[in-house]
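Have a look at the structure below, then the notes.
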Amino acid sequence: MVADLKFAFRQLRKSPGFTLAAILMLGVGIGINVAIYSVINSVLLSELPYPEPDRLVAISETIGDSTWPTSYPDYLDWKTAQHSFDDVAVSRRDDFNLTGNGEPERFSGLFVTASYFRVLKVSPKVGRTFFDEEDSAPGVNPIILSEHLWRSRFAADPTIVGRKLVLNTISCEVVGVASENLSIIRNPETARNSQGTRNVDLYAPFGFYANRPYMHDRSSRLGFYGIARLKAGVSIEQAAADLKVIARNLELKYPDSNTNVGIAVSSLHDSVIGQYRSMLWLLETAVALVLLITCANIANLLLVRTAVRKKEIAVRAALGASWGRLVRQLLTESVVLAFLGGVLGCLLAFWSKDLIASLSPHDLPRLQEIRLDLPVFAFGALITLGASLLFGLGPAWKLSKAELNAVSKSVGDSHPHRSLSALIIGQVAFACVLLTGAGLLTRTFRALESEPLGFKPNHLLMVGIKLPGLKYHEPSDQAKFYEELLEKVERLPGVKAAAIDDDVPFGGFRSQEHFAVTGQPQSRYGEEPSAEAHCISPDYFRTMGIPPLRGRSFRRDDVLGKPLVIMIDEELARKFFPGRDPIGQQLNQRISETDTSRTHYTIVGIVPSVKHGEVGIEPKIPQIYWPAAQFSWLQTTLLVRTEGEPTTLLPSIRTAIRSIDPQLPIFGTRTMEEAVAASLGTQRLSATLIGGFSILALFLAALGLYGVLAYSVTQRTREIGIRIALGSPRSGIYGLIVRRAMMMVGLGIFAGVALAIGCGPLIRHFVYGVAPYDPATIISVAALLTAIAILACLLPARRATLVDPIQALRSE
Amino acid sequence: MIKLRRIERFYPLAKAKFFYVLRDINIDIEEGEFVSIMGPSGAGKSSLLHILGMHDHGWSGEYFLGDTAVHHLKAKERAELRNEQIGFVFQQYHLLDDLTVYENLEIPLSYRKVNKSERAAVVADTLDRFQIVGKKDLYPSQLSGGQQQIVGVARAIISNPKLLLADEPTGNLHSSQGEEIMNLFKKLNADGTTIVQVTHSEKNAGYGNRIIQLRDGWIMKENNGC
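Chains E and Y, in that order, give the protein sequences.
All residue numbers in the first sequence are consecutive under the working numbering, ending with 1780.
All residue numbers in the second sequence are consecutive under the working numbering, ending with 300.
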């Protein structure tokens, strides 16, 4: 074996060009596979970093087919009635304004029950977790900082416990620092923090909320999401059956709020990363195809070298080398080559770690966990070995059959080997599949990008504001603040219009409200239709650039105490008022479980349907707008339409806010165009990466074709010489080479198109606005491959036409 | 030692016709003989040598090597027998370019699973016997043609074969170098090695004790050499 290794290194050193090219190709092929696998391993395959992670589950409620958060009273009932869990916990996202300590700052917060830490079995890094009694009583207003906040904002102060911080104008006491791995579990509604990620900055107990009505209202499913730890030996299915009984009992006991409400339980791991699974596997498939093309290319190069090495192998066989021994020696060379490529690949993957993290969507959970560890290197080693067998076995097999008798009499093949042609066909086919995928994803991205939003996203700035509940407890206080704010901002030079919306456009989460049409039969609770809900100020539509279709917009006198009014979008009008004029009609809502009467709102205007969330992906949900002045809202987005570059107005907007309330932080400042672009992050990533991989595949396939044709011309020098000597025109020689190449490429494209069409169902849910079998994309890919193939043939074909017949014949 | 009966070798042509390379070959070679096969180009000399060397399996007839009926053996068994009993010297030397003289000599032993220390001892003896100790670290390209063929012969006999087959062993050498190789063969034969060589040279054939003349695949005549 040592002798084989020594000889293998000697062989590689002997052909530095081949060795370098092969190592580079393998390095890139293995490197991108290792890099993508490192993401898959950290995000998808690694267990959650908690003790016995397979026992952790996520719990939510279901109404009809859709998943909902639960209510706090429902959670308390599950906790008491269940038999399947060691413990159950619930969390609710809310954000905090930190004041009194330099610049006011806003943090992403999570309210959790004390059991939250017990369920996950995590100990605090510093201090303590919450006590059970803090679920219902505020006590010292304890808070727990996340490790990254403790490090970034408080310089990892070891004496942080006991420090008083003013959050939402309440004096709170830091009681602990949570370990970093706690931030992986996020509430589905957790907002982006100042780093743009959805990681939690700090934790608070529900005692803060003890007096809030929704803590006691069973029908208020306001963002409470459950997690639990299964008892040892209990399966998810058993737990689901247990919860089903509990849901049924709650339905019987509280028909007004719980009719048709089920309880869904799923693996916590799946709930954290489930939505990214298919995208990551799609990327892995793409890079695996690139590696296959790389292997085919190297196999091609090795096959070309077989002609040179036939004599050596035949002599070895004549000297007594068994077939197995020869294959072992040749495979050793492939393994050495692959090993060097694998080392380069792992280095490339290591160096590209930060690039991958920066390219990944910021929403991707466990992003900070991406690392190249032992399992990733083991994967690297495995694909290196697999690659070496893949590209080495064929040529080794072929070469090991070399016989001295035949070698000494051979005059060279007149055509490229069949195996070379097969490899080229395979390369072209795989490149065709990748290019088709990239084409479809790019067209999807373009379709999403150019999809009409229903408003004008340019020159529009968004600024997040969260009013502290204690200071702005009364709706009239909130209304006064917003009114003063809008007045000041509208007066700023460069501002065309300003408005507020309680939602964060393209923030990744949209609030929905159930409603009923007054005068029509009422659906049972839970079966009522729902609509995307927005509380807006009167100038909202002018600011957003949404032209009202009918009726009127909100006025400054649509305030509390005046008739309750709403505006609806054309989708709601079409769906619920077919053939009728909705203006003047009413929608109604039941405000709470205990309140059996319904509040009615008169429709005063109809506007076009507008995209507020992810572009293209969501099913069409009707939209309802309420006048903000008739409701109570603490968190809002200030929307400012500007004449010039929106961000230049940020300092003056900040000053305007501070002049009203110096303790208010602003957050989430970005232009609407940035928000829309960010909402397409996943699609952009898939299109960019797969596009990049397919270009690499195209380049490799072209290189392979070039190599094989160049070899073929060398092998056929005598034949070409005879043809020229017999009077063949140069164009005939061109045709000879190009025809053969085009036959291989044509077969490759045919196989590739068939494969791409076969993969259609797999890619169906990644595409939007384009069919998975889009003929235009397939034709473009075929044309591109043909054009590149023609370019790859030109040089070898030209070389063939320059063959000197006398020289060629003499050399034989 | 060698008994060939009705050996035929042919290649199929179009329309169910065949091109015969060897026809009805019947030869007996005793142990310790030095036989030369002669004939014009295309007579079938090398084909016969490759059949004797068991490199070629596409023939018909009977071939006995000692008591072993080669024609009944499977490919793997033939390879084992060849490794055990036959050494080969080629006209083009066929040394492995990327191996040193030492490594070229070592390689047949490694293929026969001789352990490393024993290999070292045998190679050292052979280098000494052929007086090429000073060349052991050189590559074939650094040797003259004659020196390369000496290494080729040394490599052929290093595993102590009973039968040495040589295909035009001096074909690429100057006459003085050729003489040196033929004297080497003569000495090996005197030491007990049976030798069968293919040659065009009457002079080289004279070093042996029997000549077999081939023409168009047929044995034309056999006669004793010197």
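All C-beta atoms in this analysis are idealised placements derived from N, C-alpha and C, irrespective of residue type, glycine included.
Predicted, not measured: the structure shown is a model, and the values here were computed from it.
Quiz item: Going straight from the alpha carbon of L1012 (chain E) to that of T1253 (chain E), what length do you get?
Solution: Straight-line Cα distance between these residues: approximately 15 Å.
Self-check item: Identified DSSP bridge partners for D102 (chain Y)
Solution: Y:K77
Quiz prompt | Per-residue burial, D211 (chain Y) [other beta carbons within 10 Å of its own, 16 or more giving buried] | solution = D211 (chain Y) is exposed by the Cβ-count criterion.
Quiz item: To the nearest angstrom, how far is it from the Cα of P1619 (chain E) to the Cα of R1510 (chain E)?
Solution: 23 Å
Exercise. Give, in chain order, every residue of the segment 170 to 191 of chain Y whose Cβ lies closer than 7 Å to some Cβ of chain E.
Key: Against chain E - using a Cβ distance shorter than 7 Å - the residues of the segment 170 to 191 of chain Y are L170, D172, I181, P182, S184, Y185, R186.
Self-check item: Residues sharing a beta bridge with N1065 (chain E), DSSP
Solution: E:R1074
Exercise. Please say whether I1214 (chain E) and A1057 (chain E) have beta carbons closer to each other than 8 Å?
Key: no
Practice problem: State the Cα-Cα distance for the pair H145 (chain Y) and Y137 (chain Y), rounded to the nearest angstrom. | Solution: 6 Å
Quiz prompt | T267 (chain Y) versus S250 (chain Y): straight-line alpha-carbon distance, rounded | solution = C-alpha separation (whole angstroms): 23 Å.
Quiz item: Alpha carbon to alpha carbon, how far is K119 (chain Y) from L173 (chain Y)?
Solution: 30 Å
Practice problem: Could you name the residues that DSSP lists as bridge partners for I1534 (chain E)? | Solution: E:I1571
Quiz item: alpha helix (DSSP H) containing C1263 (chain E): first to last residue?
Solution: Counting along the chain, the unbroken alpha helix (DSSP H) around C1263 (chain E) starts and ends at 1245 to 1286.
Practice problem: State the Cα-Cα distance for the pair G1547 (chain E) and N1556 (chain E), rounded to the nearest angstrom. | Solution: 20 Å
Exercise. Return yes when the Cβ of S1521 (chain E) is within less than 8 Å of the Cβ of G1573 (chain E), no when it is not.
Key: In this structure, S1521 (chain E) lies closer than 8 Å to G1573 (chain E) by Cβ.
Practice problem: Quick one: list the residues of chain E neighbouring N263 (chain Y), beta-carbon separation under 9 Å, in chain order. | Solution: None at all; the shortest Cβ gap to chain E is about 21 Å.
Quiz item: Is A915 (chain E) near V1168 (chain E), with beta carbons less than 8 Å apart?
Solution: Absent from the structure is residue 915 (chain E), since the part of chain E shown begins at 969 and ends at 1780.
Exercise. Determine the closest residue to S275 (chain Y) out of Y:R289, Y:G291, Y:M256, Y:A264, with distance taken between C-alpha atoms.
Key: Y:M256
Self-check item: Minimum Cβ-Cβ distance from A989 (chain E) to chain Y less than 8 Å
Solution: no
Quiz item: Should N1001 (chain E) go down as buried or exposed, given a rule of 16 or more other Cβ atoms within 10 Å for buried?
Solution: buried
Quiz item: How big is the Cα-Cα spacing for G291 (chain Y) and P243 (chain Y)?
Solution: 21 Å
Quiz item: For the segment 1111 to 1119 of chain E against the segment 1180 to 1188 of chain E, are there 3 or more C-beta pairs whose distance is under 8 Å?
Solution: Flag = no, the segment 1111 to 1119 of chain E and the segment 1180 to 1188 of chain E do not touch.
Quiz item: Closer than 8 Å, CB to CB, is V1713 (chain E) near chain B or not?
Solution: The structure shown contains no chain B; the protein chains it does contain are E and Y.
Quiz prompt | Spatial neighbours of G1380 (chain E) in its chain, beta-carbon cut-off 6 Å, leaving aside the 5 residues before and after | solution = Here G1380 (chain E) scores only 43 on pLDDT, less than 50, and its place in the model should not be relied on; the value that follows carries that caveat. The residues are Q1683.
Quiz item: Would W1594 (chain E) be called buried (16 or more neighbouring beta carbons within 10 Å of its own) or exposed?
Solution: buried
Quiz item: What is the DSSP secondary structure of A143 (chain Y), reduced to helix, strand or coil?
Solution: Three-state DSSP puts A143 (chain Y) in a strand.
Practice problem: Check the Cβ of F162 (chain Y) against every Cβ in chain E and list those closer than 7 Å, keeping chain order. | Solution: A1286
Quiz item: Where does the unbroken beta strand (DSSP E) through Q165 (chain Y) begin, and where does it stop?
Solution: Here Q165 (chain Y) belongs to no beta strand (DSSP E), and DSSP marks it neither H nor E.
Quiz item: Under a Cβ-count criterion, where at least 16 other Cβ atoms within 10 Å of its own Cβ denotes burial, should T1616 (chain E) be classed as buried or exposed?
Solution: Per the 10 Å Cβ criterion, exposed.
Practice problem: Would you decide whether D1525 (chain E) is buried or exposed? Buried here means 16 or more other CB atoms lie within 10 Å of its CB. | Solution: Counting Cβ neighbours within 10 Å, D1525 (chain E) comes out exposed, since fewer than 16 surround it.
Self-check item: Within-8 Å CB hit, Q979 (chain E) to chain Y
Solution: yes
Quiz item: Taking the continuous alpha helix (DSSP H) assigned at K1456 (chain E), which residues delimit it?
Solution: 1443 to 1459
Quiz prompt | Candidates E:I1663, E:E1611, E:L1762: closest to V1676 (chain E) by CA position | solution = E:L1762
Quiz item: Cα separation between F1635 (chain E) and P1743 (chain E)?
Solution: 46 Å
Practice problem: Quick one: list the residues of chain Y neighbouring L1283 (chain E), beta-carbon separation under 7 Å, in chain order. | Solution: What sits at residue 1283 (chain E) in the sequence shown is Val, not Leu. Result: H168, L170.
Quiz prompt | Proximal residues of chain Y, C-beta to C-beta of K915 (chain E) below 7 Å | solution = Not covered by the structure: residue 915 (chain E). The range shown for chain E is 969 to 1780.
Self-check item: Spatial distance of G1785 (chain E) from T1038 (chain E) (CA atoms)
Solution: Coverage of chain E is limited to positions 969 through 1780, which leaves residue 1785 (chain E) absent and any answer about it impossible.
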